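The structure under discussion appears below in the form of structure tokens.
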Amino acid sequence: MTMADRIVVMDAGRIAQVGTPKEVYDHPNSPFVASFMGAENTLALDVRPSGAGVEVRADDGSAALYGGSVPVGAVTAYFRDDIASLDDPDARIDGSIVLPGKITQRTYPGGHYRYVVAIGSRHFTVTDSRYHELDRPVGLRLPLADLHLFPNAQNTGGHHA
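Going by UniProt numbering, the residue at position 159 of the sequence shown is 159; the numbering climbs one at a time, nothing skipped.
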């Protein structure tokens, strides 16, 4: 990644994606490539047309409006820990979905805190410079532009809004 002008990601002997390191890292073309490039967190979302953009809704009812071009229907979002941040559990932030949860673990590796946030039965890791108490209700903020959205297998529409 650090020395290459172009990289090739292989999946079971087949080329999955070719591009510059930045292209492949920032714009993976499949769930496999997204996971391979470190976006191992997943979240089920439902995307519906709304006005000039889309409404993105999570299973818990959290929702956000977004104006970007994304697949419509049932999708799986892939993301890296470093795009997540902590906010108020009831925050409404344009272009971000905020999932209410609570802090279950806190470590201080130096320079920042690393938190584990429980959302339902799922756990996500978040880095934050601020100190937060354990069991504190928080919102896991995910900027929609930084999520890699892929239609679920049964979602054959494949339309983009």
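Here a beta-carbon is modelled for each residue, glycine too, at the ideal position from N, C-alpha and C. This one's a predicted model, so the numbers in the text were calculated from it and none came from an experiment.
As computed with DSSP, Glu-55 is found in a beta bridge with Arg-48, Leu-65. Our two residues, Thr-107 and Tyr-113, have alpha carbons roughly 6 Å apart in a direct line. A straight line joining the alpha-carbon of Thr-42 with that of Ala-77 spans about 5 Å. Per DSSP, the continuous alpha helix (DSSP H) segment holding Ser-35 begins and ends at 31–36. Cβ contact annotation for Tyr-25 (same chain, cutoff 6 Å, sequence separation greater than five): Met-37, in chain order.
Rounded to whole angstroms, Val-56 and Met-3 show a C-alpha spacing of 37 Å. Taking the CA atoms as reference points, Gly-13 sits about 29 Å from Val-70. C-alpha of Ser-129 to C-alpha of Arg-141: approximately 15 Å in a straight line. Boundaries of the beta strand (DSSP E) harbouring Pro-100: 96–107, taken from the DSSP string. Cβ contact annotation for Ser-50 (same chain, cutoff 7 Å, sequence separation greater than five): Leu-65, in chain order. As the crow flies, the alpha-carbon of Thr-125 is around 16 Å from that of Ile-97. Looking at Phe-79, Arg-6, Ala-63, the one whose alpha-carbon comes closest to that of Pro-89 is Ala-63.
With respect to the 7 Å criterion, Val-117 and Gly-101 are classified as neighbours on the basis of their beta carbons. In the assembly as shown, Gly-110 is an exposed residue. Its beta-carbon has fewer than 16 other beta-carbons within 10 Å. Under DSSP, the beta-bridge partners assigned to Pro-151 are Val-75. For Glu-23, the closest of Arg-6, Ala-16, Asp-11 by C-alpha to C-alpha distance is Arg-6.
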